[in-house]
Amino acid sequence: MKDEIPYKLKRISLSSQVAEYMKEKIISHEWNPGEKIPSENDLAKQFGISRLSARTALQRLAALGLVEIRVGDGTYIPEFPLNTFIKEGSELLLTIQMKDEISEFRDFFERSYMILACQRCTKEDIEKARLILDKMKQAANKGSFDEYIQYDIPFHRSLCEFSKNQYFILVFRLMEKAITEHLKDNTIAFSKLPSFSLNKEDDNFYLKQLVIGHQNYIVALEKHDASIAMQYLHPYLDIYKTNRHKTENNNF
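Take any residue in the sequence shown, count from 1 to its spot, add 1: that is its number in my numbering.
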């Protein structure tokens, strides 16, 4: 693949300049997911540089998750460029301040993508969410925290995907590790609220109650009304924040 307009090199390392050139191609969608891009030899010839410089440029982008190097085949644009980079770069230190800020982020972020999800979801989407919630319910009935969390994240990720907006989906991927830790922390916090039980045989067992709360998302999708989900999310986050601030120093 040749570029008809030569790329003007600047006074930085050759490999950095070539990497920037390729990054622009990816960001501008001139090179699309699944597409095979120029090889080391092609880049070396195109820019008049050594194969080592070309290889360094490709490796730089591969480290960011912008390209996928397949040995013996070539270099391709992955399905989700930046996916590896943004996921690995999202590990946030969850101090009490960060927990508050992530709660605020989730409040506005979920409200936004749920508005679109309620407008654009299909019957298949709703069925997918319902099936995941059923697995969350099974985990709750078994009293399995780990299994519950295992399905809680895909549940929220799916809701975001129902928005059919690539930027919301990209942001969710960026924040997924932080959101996961926040969901875990929330769930543990709710297990210690006096209104909930730690006995899985009780009706007010905390995981069972959280499953009931999540049912609001399904109803919101079915009725195309995001406010139904928000009526659950707002109090959920507020209770979590209030009680955590009271007991953070007592290992809440």
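Quick reminder that beta carbons are idealized off the backbone N, C-alpha and C, glycines included.
Counting only residues of its own chain and dropping the five nearest sequence neighbours on each side, A58 has a CB closer than 6 Å to the CB of S16, V19 and A20.
A Cβ-Cβ distance of about 14 Å is found for the pair D153 and L132, leaving them out of contact under the 8 Å criterion.
Looking only at Y233, L67 and D226, the smallest Cα-Cα distance to V212 is reached by Y233.
With fewer than 16 other Cβ atoms inside 10 Å of its own Cβ, K37 counts as exposed. For E69, the enclosing beta strand (DSSP E) has its first and last residue at E69 to R71. Runs of the beta strand (DSSP E) lying entirely within the region 126-152 and spanning at least 3 residues: none are present. By the Cβ criterion, the region 169-188 is not in contact with the region 225-232, since fewer than three pairs of Cβ atoms, one from each stretch, lie closer than 8 Å. Short of 7 Å from the beta carbon of S164, and not among the five residues preceding or following it, lie these beta carbons of its own chain, in chain order: Y114, L117, A118 and R121.
Classified as exposed, Y168 has fewer than 16 neighbouring CB atoms from the shown chains inside 10 Å of its CB. Boundaries of the alpha helix (DSSP H) around T57: R52 to A64.
DSSP places F197 in the coil class of the three-state scheme, outside both helix and strand. The beta carbon of K136 sits closer than 6 Å to those of Y152, all from its chain and outside the five residues before and after it, given in chain order. Between E69 and R56 a beta carbon distance of about 15 Å is seen, past the 8 Å cut, so the two are scored as non-contacting. Rounded to whole angstroms, A179 and G49 show a C-alpha spacing of 44 Å. Annotation: E111 to K224 spans about 17 Å, alpha carbon to alpha carbon.
Only buried fits R107, as 16 or more other CB atoms lie within 10 angstroms of its CB. For T123, the secondary structure class from DSSP, reduced to helix, strand or coil, is coil.
For I103, the closest alpha carbon among the candidates I28, L194 and M176 is that of M176.
In the pairwise beta carbon analysis, the region 204-211 is classified as touching the region 140-147: at least three pairs are separated by under 8 Å.
The beta carbons of F156 and A190 sit about 19 Å from each other, so the pair does not count as a contact at 8 Å.
In this structure D186 is in contact with K100, their Cβ atoms being roughly 7 Å apart against a cut-off of 8 Å.
For G214, the enclosing alpha helix (DSSP H) starts and ends at Y207 to K224. Non-local beta-carbon contacts of S145 in its own chain, meaning distances under 6 Å to residues more than five positions away in sequence, are absent.
Counting only residues of its own chain and dropping the five nearest sequence neighbours on each side, E148 has a CB closer than 6 Å to the CB of A140.
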